[in-house]
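Student: Have a look at this one.
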Amino acid sequence: MVARVATVAFEGIEARPVDVQVLVSSGAVAFSIVGLPDKAVGESRERVRAALVASGLAMPAKRVTVNLAPADMPKEGSHYDLPIALAIMAAIGAIPGDALAGYAVLGELGLDGALTPVAGVLPAAMAASARGLGLICPAACGPEAAWASGDLDIVAPVSLVQLANHIRGVQVLSRPQPGVGRESGALPDLKDVRGQESARRALEIAAAGNHNLLFHGPPGSGKSMLASRLPSILPPLTPRELLEVSTIHSVAGLLQEGALTDRRPFRAPHHSASMAALVGGGAHARPGEVSLAHNGVLFLDELPEFQPQTLDGLRQPMETGEVLISRANRRAVYPARFQLVAAMNPCRCGNATEPGFACRRQPNDRCMAQYQARLSGPLLDRIDLVIEAPAVTAADLIRTQPSESSATVAARVGQARDRQSQRFRALGLPGDMTNARCPPPVLEEVARPDAAGLSLLRDAAETMRLSARGYHRVLRMARTLADLDAEQQVRRVHIAEALSYRGGLGRIAVAA
1 MVARVATVAF EGIEARPVDV QVLVSSGAVA FSIVGLPDKA VGESRERVRA
51 ALVASGLAMP AKRVTVNLAP ADMPKEGSHY DLPIALAIMA AIGAIPGDAL
101 AGYAVLGELG LDGALTPVAG VLPAAMAASA RGLGLICPAA CGPEAAWASG
151 DLDIVAPVSL VQLANHIRGV QVLSRPQPGV GRESGALPDL KDVRGQESAR
201 RALEIAAAGN HNLLFHGPPG SGKSMLASRL PSILPPLTPR ELLEVSTIHS
251 VAGLLQEGAL TDRRPFRAPH HSASMAALVG GGAHARPGEV SLAHNGVLFL
301 DELPEFQPQT LDGLRQPMET GEVLISRANR RAVYPARFQL VAAMNPCRCG
351 NATEPGFACR RQPNDRCMAQ YQARLSGPLL DRIDLVIEAP AVTAADLIRT
401 QPSESSATVA ARVGQARDRQ SQRFRALGLP GDMTNARCPP PVLEEVARPD
451 AAGLSLLRDA AETMRLSARG YHRVLRMART LADLDAEQQV RRVHIAEALS
501 YRGGLGRIAV AA
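All residue numbers for the sequence shown refer to the UniProt record's numbering, where the first residue is 1 and numbers rise by one.
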């Protein structure tokens, strides 16, 4: 008789159903696994054998064949250990054959029979709930699985013996409770930033409309400090966003103790990051930094120091909000709707724009042009706000008047986001839609400026040679500025300020 246990295989963040089939038959003693298993799945033979022995059982002295169906889907990861072990136990009569019919199972086994955590429990739990199944997973993953649905039947044992006792009715396990992430401390506060009023204003606009932002200025001017304060003024994740973010982090194995938090992700990869690390990929098509920053912030410090090909890999995710990773035998799609914040020096020396400074390498203009040429025009065209962060003066550092706190700025940002949410809901769009993500046809309707603003925008489009994308990004920023001012109509003053932030692209775009 063939014993069957349901489990999953991951394609991106999707959990595809997999049927683990075990046949114990007469013949030469063997233990084989078929169905396109990777090395981790192949090694499960030794883990399963040792775990069964540690649990008081033994592998039958027969031919054991494990099939992972469908056979044409690659199977990767160590989470197949537990379903294989349970299917063998059912095949030899150690547990009732029908006891696992209503469950999807995943978990890694230790040599002592303990169940150790695995990645991807949250999407697996969501898939099991959608199929009307319960879930069996390691105890450490139970709080994560509990977020999938309040009605999901979850069994989360610590060992194979405890699970067998639960199945036999000897020991009844309670359902785990959803885990809530413990905050690692207060976020950095904007009140710590001295001076940089224009940069603070740009940061508030970026937070209110979810716009991409680039700081440029000399070293030590506070560019990185400003960027690190952005999460403190962003609104918390909505329930839908929280589930999306947690699903990605679950697949990547980054959910600490299975607990979820409503803080937006803030990812800051080093400039030596490869294309696979930033965009995603590798042998197993893993999510990259752009996906781990989904619904959050991707901060790229020292932007021109990244490899140009790596930076250009951001262009497609910035437009579509997802990244497609293709391999010879699989395709994986990961969400990647992130807010890009970047910082850069004007040149390699760093002080080319400072009065009286002469670059050591060559004339200032040439040094700047060569350094900034590492950034492509199409990438810069996707950045809404470009703002200079000049060197902080001694007067800024010693002034006693306190700066606005993050809480004060976050309140204004929250009000602007609420206005956007109400507007887009009235148009039948999701409530977490922002001005930066608004579809162009809707944008033309909600961000149409008054006559004076339209005239200014028309003249500026010709003078500044705005692309179609640049034109729409000016409208998006102007709509955000109007929301911050609590105005229904986009006016000339909003268009003018939005154009001033696009004007910062001029010097960099010429070099690029």
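Glycine included, every Cβ here is placed at the ideal spot set by N, Cα and C. Note that this is a predicted model, so its numbers are computed, not measured.
(1) My parser needs the beta strand (DSSP E) runs of 3 or more residues fully inside the stretch 323 to 347; what are they?
(2) Does Pro117 pass the burial test, meaning 16 or more other C-beta atoms within 10 Å, or should it be called exposed?
(3) Who does Asn67 pair with in a DSSP beta bridge?
(4) Go ahead and pull the three-state DSSP assignment for Tyr80.
(5) From Ile92 to Val48, what does the alpha carbon distance come to, in whole angstroms?
(6) With DSSP as the reference, label Ser159 as helix, strand or coil.
(7) Where do the N-terminal and C-terminal ends of the alpha helix (DSSP H) with Gly424 fall, by residue?
(8) Is the stretch 263 to 282 close to the stretch 292 to 302, with three or more CB pairs under 8 Å?
(9) So, using beta-carbon positions, are Gly107 and Pro74 closer together than 8 Å?
(10) Could you name each continuous alpha helix (DSSP H) segment of 4 residues or more that falls completely within the stretch 193 to 249, going from the start of the chain to the end?
(11) Going along the chain, which unbroken runs of the beta strand (DSSP E) with 3 or more residues stay wholly within the stretch 291 to 327?
(12) Hey, would you say Tyr103 sits closer than 8 Å to Ala6, going by beta carbons?
(13) How would you call Asn212, buried or exposed, if buried means at least 16 neighbouring beta carbons within 10 angstroms?
(14) Indicate whether the contact test is met: 3 or more Cβ pairs, each with one atom in the stretch 316 to 336 and one in the stretch 184 to 203, closer than 8 Å.
(15) I'd like the list of long-range same chain contacts for Asp301, defined as Cβ closer than 6 Å, with 5 residues on each side in sequence excluded.
(16) Between Asn351 and Asp312, what straight-line distance do the alpha-carbon atoms span, to the nearest angstrom?
(17) Please list the segments of the beta strand (DSSP E) lying wholly inside the stretch 77 to 133, counting only runs of 3 or more residues, in order along the chain.
(18) Please state the DSSP three-state secondary structure of Arg267.
(19) Name, in chain order, the residues that DSSP records as bridge partners for Leu260.
(20) Determine the contact status of Pro218 and Thr393, defining contact as a CB-CB distance below 8 Å.
(21) Which residue wins for smallest C-alpha separation from Gly77, given the options Ser44, Ala54, Ala58?
(22) For Pro287, name the three-state secondary structure that DSSP assigns.
(23) Can you tell which of Gln307, Leu303, Leu23 has the C-alpha that lies nearest to the C-alpha of Ser274?
(24) Please report the residue range of the beta strand (DSSP E) in which Val386 lies.
(25) For the beta strand (DSSP E) containing Ala6, name the first residue and the last one.
(26) By the three-class DSSP mapping on this structure, what secondary structure does Ala186 have?
(27) Given a threshold of 16 other Cβ atoms within 10 Å of its Cβ, counted over all protein chains shown, does Met368 qualify as buried or as exposed?
(28) Taking the beta carbon of Asp483 as the centre, do at least 16 other beta carbons fall within 10 Å, making it buried, or is it exposed?
Tutor: With the given structure in hand:
(1) Assignment of beta strand (DSSP E) within the stretch 323 to 347, counting only whole runs of 3 or more residues, yields 330 to 335, 339 to 344 in chain order.
(2) By one-based count along the sequence shown, residue 117 stands at place 117. Residue burial annotation: Pro117 is buried, with at least 16 other C-beta atoms found within 10 angstroms of its C-beta.
(3) As a position in the sequence shown, residue 67 is number 67, starting the count at 1. In DSSP, Asn67 forms a bridge with Gln21, Val34.
(4) Reading the sequence shown from its first residue, position 80 is the one you call residue 80. In the structure shown, Tyr80 sits in coil (DSSP, three-state: anything other than H, G, I, E or B).
(5) As a first step, residue 92 must be located in the sequence shown, where it is residue number 92. As a first step, residue 48 must be located in the sequence shown, where it is residue number 48. Within the model, the alpha-carbon separation for Ile92 versus Val48 is close to 14 Å.
(6) Along the sequence shown, read from residue 1 onward, the residue named residue 159 stands at position 159. Strand at Ser159.
(7) Along the sequence shown, one-based indexing puts residue 424 at 424. Residue identity check: residue 424 is Phe in the sequence provided, not Gly. Element bounds for Phe424: 406 to 426.
(8) Result yes; three or more Cβ-Cβ pairs closer than 8 Å.
(9) Here residue 107 refers to the residue found at position 107 when the sequence shown is read from its first residue. Here residue 74 refers to the residue found at position 74 when the sequence shown is read from its first residue. No, these two residues do not count as a Cβ contact at 8 Å.
(10) For the stretch 193 to 249, whole alpha helix (DSSP H) runs of length 4 or above, ordered along the chain, are 197 to 209, 223 to 228.
(11) Assignment of beta strand (DSSP E) within the stretch 291 to 327, counting only whole runs of 3 or more residues, yields 297 to 300, 322 to 327 in chain order.
(12) The residue labelled residue 103 in the question sits at position 103 within the sequence shown. The residue labelled residue 6 in the question sits at position 6 within the sequence shown. With respect to Ala6, Tyr103 sits close: the two C-beta atoms are nearer than 8 Å.
(13) Start at 1 with the first residue of the sequence shown, and residue 212 comes out as number 212. The Cβ neighbour count for Asn212, taken over all protein chains shown within 10 Å, is at least 16; the residue is labelled buried.
(14) No: fewer than three Cβ pairs fall under 8 Å.
(15) Position 301 of the sequence shown, counting from 1, holds the residue named residue 301. Closer than 6 Å at the Cβ level, and outside the excluded window around Asp301, lie Ser224, Ala343.
(16) Taking the sequence shown and counting its residues from 1, one reaches residue 351 at position 351. Taking the sequence shown and counting its residues from 1, one reaches residue 312 at position 312. Rounded to whole angstroms, Asn351 to Asp312 spans 26 Å at the Cα level.
(17) Taken in chain order, the unbroken stretches of beta strand (DSSP E) that lie wholly in the stretch 77 to 133 and span 3 residues or more are 103 to 105.
(18) Numbered from 1 along the sequence shown, position 267 holds the residue referred to as residue 267. Secondary structure at Arg267: strand, using DSSP grouped into helix, strand and coil.
(19) Against the sequence shown, residue 260 aligns to sequence position 260. DSSP output for Leu260 lists Val180 as bridge partner(s).
(20) Taking the first residue of the sequence shown as position 1, residue 218 is located at position 218. Taking the first residue of the sequence shown as position 1, residue 393 is located at position 393. In this structure, Pro218 sits away from Thr393, with a CB-CB distance that is not shorter than 8 Å.
(21) Sequence index remark: in the sequence shown, residue 77 carries index 77 (1-based). Nearest of Ser44, Ala54, Ala58 to Gly77, Cα basis: Ser44.
(22) Taking the sequence shown and counting its residues from 1, one reaches residue 287 at position 287. In the structure shown, Pro287 sits in a strand (DSSP, three-state: E or B).
(23) The residue labelled residue 274 in the question sits at position 274 within the sequence shown. That would be Gln307, whose Cα lies nearest to the Cα of Ser274.
(24) In the sequence shown, residue 386 corresponds to position 386, counting from 1. It spans 385 to 388 - the beta strand (DSSP E) in which Val386 sits, taken as one unbroken run.
(25) Position 6 of the sequence shown, counting from 1, holds the residue named residue 6. 2 to 11 is the span of the beta strand (DSSP E), which, as asked, contains Ala6.
(26) Taking the sequence shown and counting its residues from 1, one reaches residue 186 at position 186. Coil at Ala186, not helix or strand.
(27) In the sequence shown, counting from the first residue as 1, residue 368 sits at position 368. Counting every other CB atom within 10 Å of its CB across the protein chains shown gives Met368 a total of 16 or more, marking it as buried.
(28) On the sequence shown, position 483 is the one that residue 483 refers to. The residue is buried, with at least 16 neighbouring Cβ atoms inside 10 Å.
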